[in-house]
Amino acid sequence: MRISAGVAVVVGAVLATPLPSLAQQVREVIEEVTVTGTRSKPRTATDSPVPIDTFSAVQLDQQPHGDLTETLRNLVPSFSATPLTGDGSSFVRSTSLRGLPPDDVLLLINSKRRHRSALIQHFGAAMSQGAHAADMGPIPTIALKNVEVLRDGAAAQYGSDAIAGVINFLLKDDAEGAQVQAQYGQFFEGEYTYEIAANIGLPLTDDGFANFSIEWVDNEQLHRGFQPSAAQAAIDAGIPNVGTDSPYSGDRLAQTWGRPENDGLRTAWNLGLTLNDSAEAYAFGNYANTYHNYRFFYRAVDAGGDPNSNHASLRPIPIDPTDPSQGNFCWCDTLTGGYTPYLEGDIEDFSQVVGVSGEFGNGLLYDFSGAYGMNRIDYTLNNTLSPTYGPDSPRNFRPGDLKQHETNLNADFSYPISDTVNLAFGLEWREENYTFFAGDTESWLPGPWAEVGLLIDPMTMEPYSTPPNGSNGLAGLPTDAAGEFSRDNYAVYADAEWDINDAFLLQFAARFEDFSDFGTTTNGKVAARYNVTDTFTLRGAVSTGFRAPTPGQSNLETIVTTFDTSSGLQTNEGTLRPTDPLIVPLGGKALEPEESVNISVGFSAGIGDSFTVTFDWYSIDVEDRIVKTFNIDVSSNPAFQNAGFTSVAFYTNGLETETTGFDVVALYNVDWAGGSNTSFSLAWNHNETEVTKQNQVNGVNPVTEGTVFNIENNLPENRFSAAVNHFMENITLTLRANWYDETVDERNAREPVDSALLVDVEGRYDFNERVTLVVGSNNVFDEFPNRITTRLGNGLAWPRRTPIGYDGGMWYVKGVFNFD
374 MRISAGVAVV VGAVLATPLP SLAQQVREVI EEVTVTGTRS KPRTATDSPV PIDTFSAVQL
434 DQQPHGDLTE TLRNLVPSFS ATPLTGDGSS FVRSTSLRGL PPDDVLLLIN SKRRHRSALI
494 QHFGAAMSQG AHAADMGPIP TIALKNVEVL RDGAAAQYGS DAIAGVINFL LKDDAEGAQV
554 QAQYGQFFEG EYTYEIAANI GLPLTDDGFA NFSIEWVDNE QLHRGFQPSA AQAAIDAGIP
614 NVGTDSPYSG DRLAQTWGRP ENDGLRTAWN LGLTLNDSAE AYAFGNYANT YHNYRFFYRA
674 VDAGGDPNSN HASLRPIPID PTDPSQGNFC WCDTLTGGYT PYLEGDIEDF SQVVGVSGEF
734 GNGLLYDFSG AYGMNRIDYT LNNTLSPTYG PDSPRNFRPG DLKQHETNLN ADFSYPISDT
794 VNLAFGLEWR EENYTFFAGD TESWLPGPWA EVGLLIDPMT MEPYSTPPNG SNGLAGLPTD
854 AAGEFSRDNY AVYADAEWDI NDAFLLQFAA RFEDFSDFGT TTNGKVAARY NVTDTFTLRG
914 AVSTGFRAPT PGQSNLETIV TTFDTSSGLQ TNEGTLRPTD PLIVPLGGKA LEPEESVNIS
974 VGFSAGIGDS FTVTFDWYSI DVEDRIVKTF NIDVSSNPAF QNAGFTSVAF YTNGLETETT
1034 GFDVVALYNV DWAGGSNTSF SLAWNHNETE VTKQNQVNGV NPVTEGTVFN IENNLPENRF
1094 SAAVNHFMEN ITLTLRANWY DETVDERNAR EPVDSALLVD VEGRYDFNER VTLVVGSNNV
1154 FDEFPNRITT RLGNGLAWPR RTPIGYDGGM WYVKGVFNFD
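This note's numbering applies: residue 374 is where the sequence shown begins, and numbers increase by one.
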């Protein structure tokens, strides 16, 4: 028997899921359920004091995206994911559970804490800006036996990050058999997507298993926009080469909107070996290497050198940076059609956990484990300029890579004091390291043309415009900002469960943690469940929680080129660490942990053997929420004279928020004459977030009114997910619908985004036990959000960050091949 290390095995019942698995599985799970959020004995779903969703491998396989984030978005109404958009956020999706940022959700694999991504979100949706979370994207779907979503505050049990809940990915542990899947899909607009995946289980001697999975995906760039107005004007004026620098074959768009091109390999392994009658050794992990390519905004021709133009890198400059009489140079003569930078990201992800678990002679259960996890993003910025290097500027740059790596050591124990009381306790030590790698010198160091603004253009008799510093689009990281930053912490925890009688259960949990960078935190949780009858159960929980600021958030420094939302002009924006000497006078100080109070109350009920329903209301209050400040104008501040940017932001404990809502999940199963079966499911999430207070910095609110509005309004207040699965002999038919309430686009214009209904269909035919053919369509009616006007000039008619997305519909065909 394996005890979780520092966390419980988070498992639930299909009766609490938005989508059922195969009919037989539904009946079996209703009768007997595995462990919920407990370190004690297994309990049925009606015994759980908190809501849990469980999704089987079959349910995951019905989502043909090759993307776990997209899969959970369709399965869990309280889980949202916005489109990939903006710098590194175009490679790692911006997500949310119950309206909170992605780093308020703890990710586990086999109940062990998963390491964070190297990405700190800059350009995701408002609710996730500045978040530093773990990434589920590198995990191959075919490797999973189950996914469990615990929708409740759980930091007292699991530690930092579990404010909104916990998502636990359980790997397959078969010791025999193999499966190969091959899928091809095509969007209705024409772009392809394909995936090849395999899983094999092998015996590890006579007393163990070794299970391996591999997955390759290849997704073509989606094109959901049209020519930006500046590019179309250049084309209409007869200017050649507009859009010819596109990295995508056959694409003449000067700017591309939609999911970036991406491909890569994902692997996972899971091994277990029985050592004797009372001990087991285990090891599991993953490795992934993926490639991504995202295009930035188009830089149009600007031969006139307008100093206020957003085409700053194409302004005229003297051929000699010290002697204007030698004549002028303009990149507009070489890049006649303008240019569009694009960012390539190579992401490498690795984790390895080893451990031994078992039982001492006195009945004390133990689990000792060690874990290492690493995520690295290598950036390459192509097809751009570093304007202060004039005609000598390179066109391609390495602006600086990012790396996160962590080490965890756990010792966990569980002891049944009696038949009704169980005590669990443990120790954890963790070290987090975040590394910023310096960029190419030309990507950040001012070049010879940096001070040409002091010279007079002999052609206009006006001063030259001072060129912006750094590689245009994403400036490189200076050597003095690079380095490795680390912190360590230790934790002690204890929790107890008391079955007062057959109807009444109480759970208690307490956790103390000491962090090297900010000190200590103590959190607790009390949960209860009462079976009013055999078919009706009341449940509830109250807990405190926390999320520790990460070394990456505390030490991030970067410069990005963006476009002002009101004027459309190009500008350089800097982000500095909150303890930087330049930032302290602006109100910067060391980050402290976020703190939360969670309350949940609900019930589960059954009518007969075929109908179940659960309802859970929740309230989550978060204090000292970590956010990035608004961009502070420092253009006239002497301290920033040589900073290379005109505005600066930093991370601060800036907000207090209140999130309230409820989840309703219902499942109905019908057996028909002749052996067929139909399962119906419905899930509804209602969620509202309010910013109740801003913690002022130097007497001003750190977050703009617009950002507050977006945090409160960008996600839908209501989400519905409904499905019908019909099973008959060797045929399975699925009809699924996801409905999104209206939202508001994240722009100053605050244009409404109408509600939308996305419908999926799928059919499966089992030729025999070895071969299955799957044919289906996601978003079969090719629904898009309503058109908006604020990005038409940039070539996009759709809201950029709506959770509805703007991919459109797709069809797919898949073959599944099973082997003994």
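A virtual CB, placed ideally from N, CA and C, is assigned to each residue, including glycine.
Next item on the list: Could you check the C-alpha separation between A1257 and Y863 for me, to the nearest Å?
Entry: Residue 1257 lies beyond the residue range present for the chain, which begins at 374 and ends at 1193; the question has no answer from this structure.
Note to self: Rounding to the nearest angstrom, what Cα-Cα distance links L1028 and V1000 in this structure?
What the structure shows: 7 angstroms
Notebook entry, point to check: Should T931 go down as buried or exposed, given a rule of 16 or more other Cβ atoms within 10 Å for buried?
Noted result: Counting every other CB atom within 10 Å of its CB across the protein chains shown gives T931 a total of 16 or more, marking it as buried.
Notebook entry, point to check: Cβ atoms of S916 and G472: under 7 angstroms apart, would you say?
Noted result: no
Margin query: Here's the rule I'm using: 16 or more other beta-carbon atoms within 10 Å means buried, otherwise exposed. How should Q1014 be labelled?
Written below: exposed
Note to self: Against chain C, does I569 count as a neighbour if the rule is that its beta carbon must be under 7 angstroms from one of theirs?
What the structure shows: This model lacks chain C altogether, as it is built from one protein chain only.
Item checked: Residue range of the unbroken alpha helix (DSSP H) whose run includes G731 -> Taken as a continuous stretch (DSSP letters only), G731 belongs to no alpha helix (DSSP H), being part of the beta strand (DSSP E) at 715 to 732.
Notebook entry, point to check: Where S973 and H505 are concerned, what is the direct C-alpha to C-alpha distance, given to the nearest angstrom?
Noted result: S973 and H505: Cα-Cα distance of roughly 26 angstroms.
Item checked: Terminal residues of the alpha helix (DSSP H) in which Q926 lies -> Where Q926 is concerned, the enclosing alpha helix (DSSP H) stretches over 924 to 928.
Checklist line | Reduced DSSP category for L395 - H, G, I as helix; E, B as strand; rest coil | finding: With a pLDDT of only 39 at L395, under 50, the local geometry of the prediction cannot be trusted, and the value read off the model is given with reservation. In this structure, DSSP gives L395 a state outside helix and strand, which the three-state scheme calls coil.
Note to self: List, from N- to C-terminal side, the alpha helix (DSSP H) runs of 4 residues or more that fit wholly inside the region 603 to 639.
What the structure shows: If only complete runs of 4 or more residues are kept, the region 603 to 639 shows no alpha helix (DSSP H) anywhere.
Next item on the list: Give a yes or no on whether the C-beta atoms belonging to E801 and S730 are separated by under 7 angstroms.
Entry: Cβ distance not < 7 angstroms, so E801 and S730 don't count as in contact.
Checklist line | A855 and F810 closer than 7 angstroms at C-beta | finding: yes
Notebook entry, point to check: Relative to the alpha-carbon of E1124, which residue among D1139, F599, W1171 has its alpha-carbon at the smallest distance?
Noted result: Checked all of D1139, F599, W1171; the closest Cα to E1124 is W1171.
Notebook entry, point to check: Can you name the start and end residues of the beta strand (DSSP E) that L1165 belongs to?
Noted result: Premise fails: L1165 is in no beta strand (DSSP E) and is neither H nor E.
Note to self: Looking only at its chain, what residues have a beta carbon closer than 8 angstroms to the beta carbon of F560, apart from the 5 residues adjacent to it on each side?
What the structure shows: T566, L595, D1180, G1181, G1182, M1183
Check: To which residues does DSSP link W1184 through a beta bridge?
Finding: Q559, S1150
Notebook entry, point to check: Nearest-angstrom Cα distance between K776 and N584?
Noted result: 28 angstroms
Item checked: Segment limits, beta strand (DSSP E) that includes I980 -> 967 to 980
Note to self: Could you pull the DSSP bridge partners for F877 from this structure?
What the structure shows: Y903
Note to self: My output table needs one value for I403: the three-state DSSP class, helix, strand or coil.
What the structure shows: With a pLDDT of only 38 at I403, under 50, the local geometry of the prediction cannot be trusted, and the value read off the model is given with reservation. Correct three-state label for I403: helix.
Notebook entry, point to check: Is it a yes or a no for the region 494 to 502 touching the region 1081 to 1091, going by three-plus beta-carbon pairs under 8 angstroms?
Noted result: yes
Notebook entry, point to check: Under a three-way DSSP split, which group does L827 fall into?
Noted result: helix
Next item on the list: Within its chain, find whatever has a CB closer than 8 angstroms to the CB of L1088; leave out the 5 residues flanking it on each side and keep chain order.
Entry: Closer than 8 angstroms at Cβ, skipping near neighbours: S453, S469, G472, A498, M500, N1060, T1062, T1116, P1176.
Next item on the list: Look at the alpha carbon of R688 and the alpha carbon of G892, and state the distance between them as a whole number of angstroms.
Entry: 51 angstroms
Check: With burial defined as no fewer than 16 other Cβ atoms inside 10 Å of the residue's Cβ, what is the status of Y1185: buried or exposed?
Finding: buried
Notebook entry, point to check: How is M374 classed by DSSP in three states: helix, strand or coil?
Noted result: A caution first: M374 carries a pLDDT of 35, below 50, which makes its placement in the model unreliable, though a value can still be read off. Three-state result, M374: coil.
Checklist line | Straight-line gap, G558 to V1153 (C-alpha atoms, nearest Å) | finding: 13 angstroms
Next item on the list: Could you pull the start and end residues of the beta strand (DSSP E) that R668 belongs to?
Entry: 652 to 668
Notebook entry, point to check: So, do the region 571 to 586 and the region 1149 to 1167 have three or more beta carbon pairs nearer to each other than 8 angstroms?
Noted result: With the rule of 3 Cβ pairs closer than 8 angstroms, the region 571 to 586 does not count as touching the region 1149 to 1167.
Check: In the DSSP assignment, what are the bridge partners of L457?
Finding: Paired residues: none, contrary to the question.
Check: Which residues bound the alpha helix (DSSP H) around R446?
Finding: 441 to 448
Next item on the list: Would you identify the three-state DSSP class for P694, choosing helix, strand or coil?
Entry: Here P694 sits in coil by DSSP.
Notebook entry, point to check: Can you list, in chain order, the stretches of the beta strand (DSSP E) that have 3 or more residues and sit fully within the region 1080 to 1163?
Noted result: 1091 to 1101, 1104 to 1113, 1129 to 1139, 1144 to 1151
Notebook entry, point to check: D1036 bridges to which residues according to DSSP?
Noted result: D989, N1058
Notebook entry, point to check: What do you reckon, are the CB atoms on L911 and F976 nearer than 7 angstroms?
Noted result: yes
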